[in-house]
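Residue 1 is where the sequence shown starts when you use my numbering, and the numbers rise one by one after that. Step one of this worksheet: look at the structure below.
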Amino acid sequence: MTDNDKTTSAAVKSQSIITTVEQLQKQFSRLHALSRSNPINDWAIRERLLDDLEMLLSDNRENLAHAISADFGHRSESETQFAELFPSFTGISHAKKYGKSWMKTRRASISAMYRPAHNEIQPQPLGVVGIMVPWNYPLYLAVGPMIDALTAGNRVMIKMSEAAPKFAETFAKVVDHYFSSDMVCVVLGEVDIAEAFSKLPFDHLLYTGSTEVGRIVMAAAAKNLTPVTLELGGKSPVIVTKDVNLESVVNRVMMGKTLNAGQTCIAPDYVLIQREHHQHFISLAIEWLQKHYPNIENNEDYSYIINAAQFNRVQGYLDELPADSVHNLTGVDANPEIRLMPPVIVSEPALSSQLMQNEIFAPILPLIHYDNLDDAIQFVNERPRPLALYVFGNDDNEIYQVRTQTVSGGVCVNEVILHVAQHDLPFGGVGDSGIGAYHGKAGFERLSHMKPVFVQAKLNGMNLLLPPYGDLFRKAMALFLK
Ligand code: NAD
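Okay, structure coming up:
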């Protein structure tokens, strides 16, 4: 926290954790006014805010991880370190390393007829950025957007998910401690508060969550002409080409499907595979689970399903399938009492089943057969644009064909999920899986106004182009319109 911010925050400390619609509107008006009267144009202030965020995470990593685990019933602490804290810390380091250069005004090219004037692009803070957080990675999906918003010099309001209330409360308390409410505040509460939040006239609203709620949020933002970044979900396919090392495919796909018990927006949703690989895939998955999650009903590395509603939703998907198509890979049954759901593979589910009509968001992996690569590509292209697509194979031509003939938010080749951790790459969806991308420089630019500035030279030829249009004008036009 900056000294300046500490001074201003003392009188209004109570406003940094928001729980009512009235407080919400009051705090928004205050931040909005501050963003107009006192924009954060100074890198030193932005850098200190990033330092404060880093310190908040370092000092509280354990209680934050415990709060997440309490919301899930059990969330592996190693997963919280790997999938939430690690990308948060590396995101902060990346922003601290490059932020100063991103915010510099830069020259842009100019066409000959306007010289000796020159063009510049001047990044500016937008003002107040709203961030809406889902429950599945509640830490990284609050901190990631915060990094980009603060690096771009914005003030931030964060609506936490009501489905992860213990983490939300813990996070609100630590933010209150490390940040001035002039800069960052956290909003707690149920859907009514979320609705009111989405109706505030933010300078930008970054929402992460389901596609269904994304539509509601975008409609609310449209009333204020608030630009949105929508980080949504969907069914991210895996295409296993013919020439592969199946063991390494299973290794990576099962990693992606078991991480956070499949409750990952970019988890592999289903696998398109050739019939000849099907049985082998299942036996390799069984071996993989024995090795990596032995004794899964009592394994601290394996996370539970967030709540009964989610558990019942996916159990319902399984219950409607023919029993012989569902392969129990661990010998352990799902336990609704504690919301433990061991991974299963489903062979060739009907495409009309709920499992294939909805994002799964659980450790259930459908295997779908295809005959040739064109069919697999067509299968993907007939469905909504996915958030991620994973292609495995040894043949570069086939990989290239999949990359160029499908459109998805992002792609990993011979890997899953890791594209989200690349701060040098934009992250986001396309079509039904989202609008706009963030992370690193892309996030900085998304949450800045990249203002175009035309700078005229003292001596310039513009007066030659004024009426009454004479010979000189006609000659100039003949030259320009040639
Ligand atoms: P969620 O239920 O926690 O909701 C997300 C946010 O929307 C919360 O802040 C909540 O308060 C708010 N909200 C809920 N109802 C609302 C309403 N009617 N109006 C306004 N706001 C409302 O999370 P979820 O939607 O269940 O999250 C899971 C989904 O998020 C999955 O589809 C997943 O794929 C997606 N997701 C996407 C990404 C990504 O980066 N693209 C990351 C994580 C999760």
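Note that beta-carbon positions come from the ideal geometry of N, C-alpha and C, so glycine has one too.
Check	Outcome
Is Thr20 near the ligand NAD, judged by its Cβ being under 6 angstroms from some heavy atom?	no
So within the region 258 to 336, which uninterrupted beta strand (DSSP E) runs reach at least 3 residues, ignoring any that extend past its ends?	270 to 273 and 326 to 328
Output the distance between the C-alpha atoms of Gly434 and Arg385, rounded to the nearest integer angstrom.	9 angstroms
On the DSSP letters alone, give me the boundaries of the alpha helix (DSSP H) that Gln354 sits inside.	Gln354 to Gln357
Just the Cα atoms here: how many angstroms apart are Pro201 and Leu225?	8 angstroms
Measuring CB to CB, does Phe82 end up less than 7 angstroms from Ser303?	no
When you compare the CB positions of Ile131 and Leu206, do they come within less than 7 angstroms of one another, or not?	yes
Taking the CB atoms as reference points, tell me whether Pro145 and Ser161 lie closer together than 7 angstroms.	no
With H, G and I counted as helix, E and B as strand and the rest as coil, what does DSSP make of Phe202?	coil
Based on DSSP bridge pairs, tell me the residues matched to Phe427.	Tyr438
Does the Cβ of Pro134 lie closer than 6 angstroms to at least one heavy atom of the ligand NAD?	yes
Leu289 and Gly429 - do their beta-carbons sit closer together than 7 angstroms?	no
For Ala196, I'd like the list of residues in its chain whose CB is within less than 7 angstroms of its CB, leaving aside the five on either flank, ordered along the chain.	Val21 and Leu24
Identify the continuous beta strand (DSSP E) that holds Ser347 and give its terminal residues.	Val344 to Ser347
Once the 5 residues before and after Arg459 are set aside, which same chain residues still bring their CB inside 8 angstroms of it?	The residue you asked about is not Arg; residue 459 is Leu in the sequence shown. The answer, listed in chain order, is Pro116.
Just to confirm, does Lys159 get its C-beta within under 6 angstroms of one of the non-hydrogen atoms of the ligand HEM?	Absence of the ligand HEM from the depicted structure is noted, with the ligand NAD being the only ligands included.
By DSSP's criteria, Pro237 is part of a beta bridge. Which residues make up the other side?	Tyr270
Suppose the cutoff is 6 angstroms on Cβ atoms and the five residues either side in sequence are ignored; what does the same chain contact list for Asn463 look like?	none
Using alpha carbons as the reference points, say which of Ile239, Gly127 and Asn260 lies closest to Ser448.	Gly127
Is DSSP giving His74 helix, strand or coil here?	coil
Can you look up Ser448 in the DSSP assignment and give me helix, strand or coil?	strand
Quick check for students: name the residue ranges of the beta strand (DSSP E) that lie wholly in the region 111 to 190, counting only runs of 3 or more.	118 to 125, 128 to 132, 155 to 159 and 184 to 187
Any heavy atom of the ligand NAD closer than 6 angstroms to the beta-carbon of Ile131?	no
Using DSSP's beta-bridge definition, name the partner residues of Val217.	Note: Val217 sits in no beta bridge, so no partner.
Identify, in the order they occur along the chain, each residue of the same chain with its Cβ nearer than 7 angstroms to the Cβ of Asn299, setting aside the five sequence neighbours on each side.	Tyr293
Checking 7 angstroms against the spacing of the C-beta atoms, do Arg107 and Leu85 come in under that value?	no
Taking 6 angstroms as the line, does the beta carbon of Val217 fall inside it for any heavy atom of the ligand NAD?	yes
Less than 8 angstroms between the CB atoms is what I'm expecting for Gln354 and Glu320, so what's the real figure, rounded?	6 angstroms
Can you give me the start and stop residues for the alpha helix (DSSP H) that Gly99 sits inside?	Phe86 to Trp102
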